[in-house]
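Undergrad: Handing you a structure now.
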Amino acid sequence: MTATLPTGSDDTEGGHHAVLEVAREQVLDRGVGLDETQVREVLGLPDDALPELLEVAHEVRMRWCGPDVEVEGIVSLKTGGCPEDCHFCSQSGLFSSPVRAAWLDVPALVEAAVQTAATGATEFCIVAAVRGPDERLMAQMREGVAEIRAAVDINVAASLGMLSKEQVDDLVDMGVHRYNHNLETARSYFPHVVTTHTWEERWETLTMVREAGLEVCCGGIVGMGETLEQRAEFAAQLAELSPHEVPLNFLNPRPGTPFGDQPVMPAADALRTIAAFRLALPRTILRYAGGREITLGDLGTRDGLLGGINAVIVGNYLTTLGRPATDDLALLEELSMPVKALNAML
Ligand code: SF4
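Just add 9 to the spot in the sequence shown (first one is 1) and you have the working numbering.
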């Protein structure tokens with residue numbers, strides 16, 4: 010049972026925010042995530058409540074996940090030329106974004122995995138810009154994953170779009186341990202973001218992936234024009250799915266995409282969102298994904314890691330540059346947050 014709160018965010022008396030009291034009792038003490046209404050309350054907290062909010066979110070992360078930070082590298086097996094129209098994505102072939110279609114061969118894939126492992130990362134995610142994989146892509150995966158597993162000790166994850174049941178089983182056979190498929194945004198906002206497939210189709214793939222025993226990685230992008238209610242709705246829908254990992258992206262408006270002119274999300278909103286998602290998902294790996302550099306900058310990266318984030322992607326993203334891996338690793342050391350070891354997950 011969850012405690013109820015008055016609606017609206019002005020439950021403030023002399024700087025006291027009732028939703029933070031509830032978060033301490035419900036999430037920190039009992040490990041029960043905030044529900045949609047409560048997340049909306051958190052998203053509406055004023056800026057002067059932000060330090061306390063981040064503190065509670067950090068305590069929740071430390072209590073229910075511990076200090077370890079999971080480090081992941083990603084590589085793009087197939088870049089650009091995607092037939093879908095996700096309005097934030099510079100890899101769609103339907104927009105005039107300057108991302109060219111390209112394929113990576115197997116030796117390059119293995120080399121990327123080796124380099125990723127050398128940073129201390131435990132996760133290596135192979136990503137392809139497709140609606141779903143065709144036989145050519147699955148064949149490349151079969152060969153690539155086998156060679157990576159023979160060459161280096163690292164968990165292999167994949168993100169290949171929507172899957173059939175046979176393809177899910179194929180990935181299990183290859184030894185892929187986690188599958189990423191983002192719901193991207195709240196169900197009610199999804200038609201404003203994508204028109205070439207539905208939120209429900211994505212949910213279907215996620216259900217199959219989970220039933221096959223793969224770890225589910227599912228997150229999305231905030232700052233795409235959704236309301237705070239929809240942002241809270243999204244957190245609640247993710248909580249219902251209960252993914253192992255949630256990658257949280259902040260819109261990085263890419264030239265040539267329909268969202269190219271959207272404003273960059275203010276840092277305070279981004280931090281409120283991180284904390285709110287942590288309070289909705291106390292035990293989930295909450296990963297900083299794309300967009301944090303322009304939204305938060307270096308200082309904000311630290312604030313997020315002290316406000317609920319417990320996983321990072323090192324190096325570059327798929328189509329934009331990230332911070333150098335060494336910067337992130339140095340920051341983790343400074344914050345006394347150990348990089349999660351591979352054997353800790355076996
Ligand atoms: S987000 Fe994925 S499915 Fe959508 S356009 Fe980009 S690559 Fe294609």
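Glycine included, each C-beta is placed from N, C-alpha and C at the ideal position.
Could you pull out every residue in the same chain whose Cβ sits closer than 8 angstroms to the Cβ of E45, ignoring the five residues on either side in sequence?
TA: Translated into positions along the sequence shown, residue 45 becomes position 36. Cβ neighbours of E45 beyond the five flanking positions: A241, E242, A244, A245.
Undergrad: Taking one C-beta from the segment 284-295 and one from the segment 62-69 each time, how about it: are there three or more such pairs within less than 8 angstroms?
TA: These segments touch.
Undergrad: What does K87 pair with, by DSSP beta-bridge criteria?
TA: The residue you call residue 87 lines up with position 78 of the sequence shown. BP columns for K87 point to W112, A137.
Undergrad: Can you check whether the CB of M150 is closer than 8 angstroms to the CB of M171?
TA: Counting from one through the sequence shown, the residue named residue 171 turns up at place 162. Counting from one through the sequence shown, the residue named residue 150 turns up at place 141. No; because the gap between Cβ atoms is not below 8 angstroms, this pair is not in contact.
Undergrad: In terms of residue numbering, what span does the beta strand (DSSP E) encompassing I362 cover?
TA: Outside the shown range of the chain (10 to 355) lies residue 362, about which nothing can therefore be said.
Undergrad: What are the boundary residues of the beta strand (DSSP E) that includes P256?
TA: Taking the first residue of the sequence shown as position 1, residue 256 is located at position 247. That run of the beta strand (DSSP E) goes 254-259.
Undergrad: Which stretch, first to last residue, makes up the alpha helix (DSSP H) that contains R70?
TA: Along the sequence shown, read from residue 1 onward, the residue named residue 70 stands at position 61. First-last of the alpha helix (DSSP H) with R70: 59-73.
Undergrad: For a minimum of 3 consecutive residues, which ranges assigned as the beta strand (DSSP E) are wholly contained in the segment 130-200?
TA: Those beta strand (DSSP E) runs which fall completely within the segment 130-200 and span 3+ residues are 132-137, 164-168, 187-189.
Undergrad: Based on the DSSP secondary-structure assignment, which residues constitute the bridge partners of L295?
TA: Here residue 295 refers to the residue found at position 286 of the sequence shown. Its beta-bridge partners are V255.
Undergrad: Apart from the five residues just before and just after D94, which ones in its own chain have a Cβ nearer than 7 angstroms to its Cβ?
TA: One-based indexing of the sequence shown puts residue 94 at position 85. So the qualifying residues of the chain are S101, L103, V203, T204, T205.
Undergrad: Out of D38, L54, L43, state which residue places its alpha-carbon closest to the alpha-carbon of H25.
TA: By 1-based counting over the sequence shown, the position of residue 25 is 16. Of the candidates D38, L54, L43, the one whose C-alpha sits nearest the C-alpha of H25 is L54.
Undergrad: When you compare each of K174, E235, V181 to E210 by their alpha carbons, which one comes out closest?
TA: Sequence index remark: in the sequence shown, residue 210 carries index 201 (1-based). Closest option to E210, Cα to Cα, is K174.
Undergrad: If you count every other CB in all the chains shown that lies within 10 Å of the CB of L344, and 16 or more means buried, which is it?
TA: Start at 1 with the first residue of the sequence shown, and residue 344 comes out as number 335. Under this definition L344 is an exposed residue.
Undergrad: Is it the case that the CB of A276 approaches a heavy atom of the ligand SF4 more closely than 7 angstroms?
TA: Your numbering for residue 276 matches position 267 in the sequence shown. No, the beta carbon of A276 sits no closer than 7 angstroms to any heavy atom of the ligand SF4.
Undergrad: Does the distance from the CB of E120 to the CB of I322 come in under 8 angstroms?
TA: If you number the sequence shown from 1, residue 120 lands on position 111. If you number the sequence shown from 1, residue 322 lands on position 313. No.
Undergrad: Rounded to whole angstroms, what's the CA-CA distance from V51 to R281? Just pull it up for me.
TA: For the purposes of this step, residue 51 is identified with residue 42 of the sequence shown, where counting begins at 1. For the purposes of this step, residue 281 is identified with residue 272 of the sequence shown, where counting begins at 1. Their Cα atoms are separated by approximately 7 angstroms.
Undergrad: Within its chain, find whatever has a CB closer than 8 angstroms to the CB of S197; leave out the 5 residues flanking it on each side and keep chain order.
TA: Along the sequence shown, read from residue 1 onward, the residue named residue 197 stands at position 188. Answer for S197: Q239, E242, listed in chain order.
Undergrad: Would you identify the three-state DSSP class for I322, choosing helix, strand or coil?
TA: Numbered from its first residue, the sequence shown carries residue 322 at position 313. I322 falls in the strand class under three-state DSSP.
Undergrad: L192 and I363 - do their beta-carbons sit closer together than 8 angstroms?
TA: The chain is shown only over 10 to 355; residue 363 falls outside these bounds and no answer can be derived.
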